[in-house]
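Taken in order, these protein sequences are the chains called A and B.
By the count of the working numbering, the first sequence reaches residue 433 at its end, each step adding exactly one.
By the count of the working numbering, the second sequence reaches residue 390 at its end, each step adding exactly one.
In what follows, a structure is listed as structure tokens, so that the remarks can point back to it.
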Amino acid sequence: MKDAIRTKELTRVFGGKKRRLRPRDAPEKRVIALDRVDTQVAEGELFGLLGPNGAGKTTLIKILATLLLPTSGSATVAGYDVAKDPYPIRQRINMVSGGETSGYGLLTTRENIWMFSQFYGIPSKVAKAEIDRLLKEFELWERRDAKVRTLSTGERQKMNMVRGFVTDPDIIFLDEPTLGLDVSAARAIRQFIRGWIQENHAKTVLLTTHYMMEADELCDRIAIIDNGRILACDTPERLKGMVKREVTVKLETDRLKDPKAFDVIEGVQNYVVKEEAQTNRTSLTFILEDDAPIGDIMSEVLNQGSKVQSMEKIDPTLEEVFISLVGKGLD
Amino acid sequence: MNREDARVSNPLVLNFRAFIGRAYPRVIGAHRELSWIFFNTLLPLLSVAAYVFVYAALGAPAAFAGFVILGGTMVAFWMNVLWSMAAQLYWEKEIGNLQLYMMAPMSRMALLGGMAVGGMVMTSTRAAATLILGVLIFQIVLVVVNPLLLAGIFLVTLVALYGMGMLFASVYLLYGREAWNISNLLQEPVFLGAGFYFPVQSFQRILGGPGRWIAIGVSLIPMTLGLDAMRQLLFPELLEWAFLPADIELYILIVLAVVFVFLARRALAYIERLAKQEGRLTQRHL
Ligand SMILES: Nc1ncnc2c1ncn2[C@@H]1O[C@H](COP(=O)(O)OP(=O)(O)OP(=O)(O)O)[C@@H](O)[C@H]1O
Ligand SMILES: [Mg+2]
Numbered sequence: 103m104k105d106a107i108r109t110k111e112l113t114r115v116f117g118g119k120k121r122r123l124r125p126r127d128a129p130e131k132r133v134i135a136l137d138r139v140d141t142q143v144a145e146g147e148l149f150g151l152l153g154p155n156g157a158g159k160t161t162l163i164k165i166l167a168t169l170l171l172p173t174s175g176s177a178t179v180a181g182y183d184v185a186k187d188p189y190p191i192r193q194r195i196n197m198v199s200g201g202e203t204s205g206y207g208l209l210t211t212r213e214n215i216w217m218f219s220q221f222y223g224i225p226s227k228v229a230k231a232e233i234d235r236l237l238k239e240f241e242l243w244e245r246r247d248a249k250v251r252t253l254s255t256g257e258r259q260k261m262n263m264v265r266g267f268v269t270d271p272d273i274i275f276l277d278e279p280t281l282g283l284d285v286s287a288a289r290a291i292r293q294f295i296r297g298w299i300q301e302n303h304a305k306t307v308l309l310t311t312h313y314m315m316e317a318d319e320l321c322d323r324i325a326i327i328d329n330g331r332i333l334a335c336d337t338p339e340r341l342k343g344m345v346k347r348e349v350t351v352k353l354e355t356d357r358l359k360d361p362k363a364f365d366v367i368e369g370v371q372n373y374v375v376k377e378e379a380q381t382n383r384t385s386l387t388f389i390l391e392d393d394a395p396i397g398d399i400m401s402e403v404l405n406q407g408s409k410v411q412s413m414e415k416i417d418p419t420l421e422e423v424f425i426s427l428v429g430k431g432l433d
Numbered sequence: 105m106n107r108e109d110a111r112v113s114n115p116l117v118l119n120f121r122a123f124i125g126r127a128y129p130r131v132i133g134a135h136r137e138l139s140w141i142f143f144n145t146l147l148p149l150l151s152v153a154a155y156v157f158v159y160a161a162l163g164a165p166a167a168f169a170g171f172v173i174l175g176g177t178m179v180a181f182w183m184n185v186l187w188s189m190a191a192q193l194y195w196e197k198e199i200g201n202l203q204l205y206m207m208a209p210m211s212r213m214a215l216l217g218g219m220a221v222g223g224m225v226m227t228s229t230r231a232a233a234t235l236i237l238g239v240l241i242f243q244i245v246l247v248v249v250n251p252l253l254l255a256g257i258f259l260v261t262l263v264a265l266y267g268m269g270m271l272f273a274s275v276y277l278l279y280g281r282e283a284w285n286i287s288n289l290l291q292e293p294v295f296l297g298a299g300f301y302f303p304v305q306s307f308q309r310i311l312g313g314p315g316r317w318i319a320i321g322v323s324l325i326p327m328t329l330g331l332d333a334m335r336q337l338l339f340p341e342l343l344e345w346a347f348l349p350a351d352i353e354l355y356i357l358i359v360l361a362v363v364f365v366f367l368a369r370r371a372l373a374y375i376e377r378l379a380k381q382e383g384r385l386t387q388r389h390l
């Protein structure tokens, strides 16, 4: 499979150097926003960047979107070098950022998106048809002729999404696209992204997010980034597998004769018993070193002449992965 | 949508569409905010009226009222260049448009050109309203000596003026907020220097030799020569007040137009490179 994005030792430093024509208020401090980043995103992938504030996510996207030059190292997008060959990249990409306030308040939703589509040279008729289709898909059709300055935050972000997707990019950069949105708007946007990548096999999405759940739910692979460095990069499943953590199992059985009998099973670190008088059942929560003791627990339940009604294994989430790698949570 | 529909390989077609796209909000925006028409048509007429009365009180030839009305009409373009061209890219950066513009495959000149032509079209409707109202109210007699030359001078003046606006746009972007003050600083002296309400010849008549140098200096602002030439062609009875012959002024204006547009292009390319290196111009990060 072809690479949609590839970076080699990509480094970006802000400040520190003497600037030509530096305004008085320019920051003096040297910040290493990206530190020798090596990544590879395959065509067709939905790739996530997960990291705390200031990790370097936006910086990486800006370099890939040809808005910022690397300080050292290199990056290619769609096979073209971002520093040497930005033009063919620009034809093939687009970007949507959370909280974006682009466009002109005087124009209507439709006019605004149309204007941006013209910067890509899309024939007006094609653009208009596509805008209408996308507005319907985002349930923004009713607001098509509303002035942009009257749109709510959620509507505005949906408009931004239409702006990004209307040019039919091969690679789209989504920088925290659901930032500050309510549950339903965020869901609509996630659903759209998922649908888009499913329908178009050669399309690539690079998404940054603060939301663990979003990354987990959407991304084929996730890179965890902090202080300009990629700390880990893998599928959500494998990332979660990396964290050594006790397995938590929730069990519901018919009432047990001897709920204390599980003490002796090897690998059981701890468990909590709750008798449910109403339903005449027992619910148990086990903390296990690993999966191994689950079999023994089941046999013990059967030995007591009881039956397992339900069993649920609670997996570690990306939250735990993140905490173990970065040393802090994502607020 | 299929890929071939979306990707345009001919850069000329792409840039033409981008140009129209960028001009559109300016043209359409003008008609959405009707209050602007009031501010841009009737208010200029007030200052025009003041000058007309002064000239009349002093017993100046009637054509001086025409000088003033033409000047008052052209003020609209100067204000548009100063506040909607020069300050534009800076403002686009602040609202986050600039990075989307820079990320698009269009040429930067399509962007600036669209901005400029959109502004010209919008301002022309207002300027025309001011001119027509002024001519009717003050009963000005216009004698169009050479309509072709007049139209040529008007167009070249606009191109040179907006070319200067494009150049300023890039420069302002570099200096950010401070540039805002430049606009404020430029507004009044240019009202004086460019001779919106009197012929620039006056500098020489009143101040002698040094006055001539002032007139030459302010001729760098395309409005100065453009106005002077248009006045010659509309009010031939006051030809003695001409600074330079109209055709010479046209040639100078053509040179100014080419130089400004060329410099604007270079300046924006330079600033784009700087922005990409230093990462502070196309970003909202400050
Ligand atoms: N234009 C700039 N000039 C100076 N420093 C910058 C610039 N852009 C980013 N930085 C710095 O680089 C670092 C990385 O910033 P970046 O915006 O890439 O982080 P991020 O991961 O997107 O954070 P967030 O989650 O807050 O959006 C930060 O320390 C930031 O202050
Ligand atoms: Mg960011």
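We treat Cβ as the ideally placed atom computed from N, Cα and C, and that holds for glycine.
L298/A versus F267/A, M315/A, T337/A, S176/A, residue with shortest Cα-Cα distance: Along the first sequence, one-based indexing puts residue 298/A at 196. Here the sequence assigns Trp to residue 298/A, which means Leu is not the residue at that position. Looking at the Cα atoms, F267/A is the closest of the given residues.
Is there at least one Cβ from chain A nearer than 9 Å to V291/B's Cβ? As a first step, residue 291/B is located in the second sequence; it is residue number 187 there, counting from the start. According to the sequence displayed, residue 291/B carries Gln and not Val. No, its Cβ sits nowhere closer than 9 Å to a Cβ of chain A.
Would you kindly work out how many angstroms separate the C-alpha atoms of T210/A and G118/A, rounded to a whole number? Residue numbering aside, residue 210/A sits at position 108 when the first sequence is read from its first letter. Residue numbering aside, residue 118/A sits at position 16 when the first sequence is read from its first letter. T210/A and G118/A: Cα-Cα distance of roughly 43 Å.
Could you name the residues of the same chain whose beta carbon sits closer than 8 Å to that of D336/A, not counting the 5 residues immediately before and after it, in chain order? Locating residue 336/A in the first sequence gives position 234, where the first residue counts as 1. Excluding sequence neighbours, D336/A sits near R323, I324, M344.
Report yes if the C-beta of I327/A is less than 8 Å from at least one heavy atom of ligand 1; otherwise report no. In the first sequence, the residue the question calls residue 327/A occupies position 225. For ligand 1, a non-hydrogen atom lies closer than 8 Å to the CB of I327/A.
In chain B, which residues lie with their C-beta within 8 Å of the C-beta of S204/A? Locating residue 204/A in the first sequence gives position 102, where the first residue counts as 1. In chain order: I199, G200, N201, L204.
Do K159/A and ligand 1 come close, with the Cβ less than 8 Å from some heavy atom? Stepping through the first sequence from its first residue, residue 159/A is reached at position 57. Result yes, Cβ under 8 Å from ligand 1.
Would you say the beta carbon of D277/A comes nearer than 8 Å to a heavy atom of ligand 3? The model on display carries ligand 1 and ligand 2 but not ligand 3.
How many whole angstroms separate the CB atoms of I263/A and F240/A, which I take to be in contact at a CB cut-off of 8 Å? Position 161 of the first sequence holds residue 263/A. Position 138 of the first sequence holds residue 240/A. The sequence given here places Met at residue 263/A; Ile does not occur at that position. Right, their Cβ atoms sit about 6 Å apart.
Would you say G156/A touches ligand 1, meaning its beta carbon is less than 8 Å from a heavy atom? For the purposes of this step, residue 156/A is taken as residue 54 along the first sequence, with counting starting at 1. Indeed, a heavy atom of ligand 1 lies less than 8 Å from the Cβ.
Spell out whether any CB of chain A is found under 9 Å from the CB atom of R370/B. For this step, residue 370/B is matched to residue 266 along the second sequence. No, R370/B does not count as interfacial toward chain A.
Q220/A, DSSP secondary structure in three states: Locating residue 220/A in the first sequence gives position 118, where the first residue counts as 1. Assignment of Q220/A by DSSP, reduced to helix, strand and coil, places it in the helix class.
Please list, in chain order, all residues of the same chain as T161/A whose beta carbon is under 6 Å from its beta carbon, the five residues on each side excluded. Residue numbering aside, residue 161/A sits at position 59 when the first sequence is read from its first letter. Result list for T161/A: R114, A135, L136, in chain order.
So, with DSSP's three-state summary, where would you put R132/A? Along the first sequence, one-based indexing puts residue 132/A at 30. R132/A falls in the coil class under three-state DSSP.
With a CB to CB cut of under 7 Å and the five nearest residues on each side skipped, what residues in its chain are close to A180/B? Counting from one through the second sequence, the residue named residue 180/B turns up at place 76. So the list reads N144, P148, T227, R230, A231, T234, once near-sequence residues are dropped.
Does the beta-carbon distance from E319/A to I367/A come in below 9 Å? If you number the first sequence from 1, residue 319/A lands on position 217. If you number the first sequence from 1, residue 367/A lands on position 265. Taking 9 Å as the Cβ cut-off, E319/A and I367/A do not qualify as a contacting pair.
Using a Cβ-Cβ cut-off of 6 Å (strictly less than) and excluding sequence neighbours within five positions of G156/A, which residues of its own chain qualify? Locating residue 156/A in the first sequence gives position 54, counting from the first residue. Around G156/A: no qualifying Cβ.
Please identify the residue among V250/A, E213/A, V179/A whose C-alpha is closest to the C-alpha of P271/A. Numbered from 1 along the first sequence, position 169 holds the residue referred to as residue 271/A. When V250/A, E213/A, V179/A are compared, the shortest CA-CA separation from P271/A is found for V179/A.
DSSP three-state call for F240/A: helix, strand or coil? Numbered from 1 along the first sequence, position 138 holds the residue referred to as residue 240/A. F240/A falls in the coil class under three-state DSSP.
Regarding T310/A and ligand 2, is the C-beta to nearest heavy atom distance less than 8 Å? Indexing the first sequence from 1 puts residue 310/A at position 208. Yes, since a heavy atom of ligand 2 falls inside the 8 Å radius drawn around the Cβ of T310/A.
Looking only at its chain, what residues have a beta carbon closer than 7 Å to the beta carbon of V249/B, apart from the 5 residues adjacent to it on each side? For the purposes of this step, residue 249/B is taken as residue 145 along the second sequence, with counting starting at 1. Closer than 7 Å at Cβ, skipping near neighbours: L337, P340.
Using a Cβ-Cβ cut-off of 9 Å, state whether Q192/B counts as contacting chain A. Taking the second sequence and counting its residues from 1, one reaches residue 192/B at position 88. No, Q192/B lies away from the interface with chain A (no Cβ there is under 9 Å from its Cβ).
For R251/A, go through chain B and note every residue whose CB falls closer than 8 Å to its CB, in chain order. Locating residue 251/A in the first sequence gives position 149, where the first residue counts as 1. Chain B residues near R251/A: none, gap ~11 Å exceeds 8 Å.
Would you call the segment 306–313 of chain B in contact with the segment 267–285 of chain B, where contact means no fewer than 3 C-beta pairs closer than 8 Å? no
Could you give the first and the last residue of the continuous alpha helix (DSSP H) run that contains G256/B? Residue mapping note: residue 256/B aligns to position 152 of the second sequence, counting from 1. 251–279 is the extent of the alpha helix (DSSP H) around G256/B.
Neighbour flag for V117/B against chain A, beta carbons, 9 Å: For the purposes of this step, residue 117/B is taken as the residue at position 13 of the second sequence. Chain A contact via Cβ: present.
Three-state secondary structure assigned by DSSP to G354/B: Position 250 of the second sequence, counted from the start, is the residue given in the question as residue 354/B. The residue asked about is misnamed: residue 354/B is Leu in this sequence, not Gly. Looking at L354/B - three-state DSSP - the assignment turns out to be helix.
So, are the CB atoms of P303/B and D332/B less than 9 Å apart? Within the second sequence, residue 303/B is the residue found at index 199, counting from 1. Within the second sequence, residue 332/B is the residue found at index 228, counting from 1. Yes, these two residues count as a Cβ contact at 9 Å.
Report yes if the CB atom of T269/A is closer than 9 Å to the CB atom of K342/A, and no otherwise. As a position in the first sequence, residue 269/A is number 167, starting the count at 1. As a position in the first sequence, residue 342/A is number 240, starting the count at 1. In this structure, T269/A sits away from K342/A, with a CB-CB distance that is not shorter than 9 Å.
Does the Cβ of N405/A have 16 or more other Cβ atoms within 10 Å, making it buried, or fewer, making it exposed? The residue given as residue 405/A occupies position 303 in the first sequence. Label assigned to N405/A: exposed.
Could you tell me whether any non-hydrogen atom of ligand 1 is closer than 8 Å to the CB of L149/B? Within the second sequence, the letter at position 45 stands for residue 149/B. Not so, every heavy atom of ligand 1 lies at least 8 Å from the Cβ.
Please report the Cβ distance between G176/B and F300/B, rounded to the nearest whole angstrom; I am assuming they are in contact, meaning their Cβ atoms lie under 8 Å. Here residue 176/B is taken as the residue at index 72 of the second sequence, counted from 1. Here residue 300/B is taken as the residue at index 196 of the second sequence, counted from 1. At roughly 7 Å, the Cβ-Cβ gap stays under 8 Å, so G176/B and F300/B are in contact.
If the cut is a Cβ gap below 7 Å, which residues of chain A does R121/B touch? Translated into the one-based positions of the second sequence, residue 121/B becomes position 17. The answer, in chain order, is Q220, G223.
Outcome for V247/B when other beta-carbon atoms lying within 10 angstroms are tallied against a minimum of 16: If you number the second sequence from 1, residue 247/B lands on position 143. Under a 10 Å Cβ-count criterion, V247/B is classified as exposed, with fewer than 16 other Cβ atoms of the shown protein chains found around its own Cβ.
In terms of residue numbering, what span does the alpha helix (DSSP H) encompassing S151/B cover? Residue mapping note: residue 151/B aligns to position 47 of the second sequence, counting from 1. S151/B -> alpha helix (DSSP H) spans 147–161.
At a Cβ threshold of 9 Å, is N155/A touching chain C? Although the question refers to chain C, the structure presented lacks it and instead comprises the protein chains A and B.
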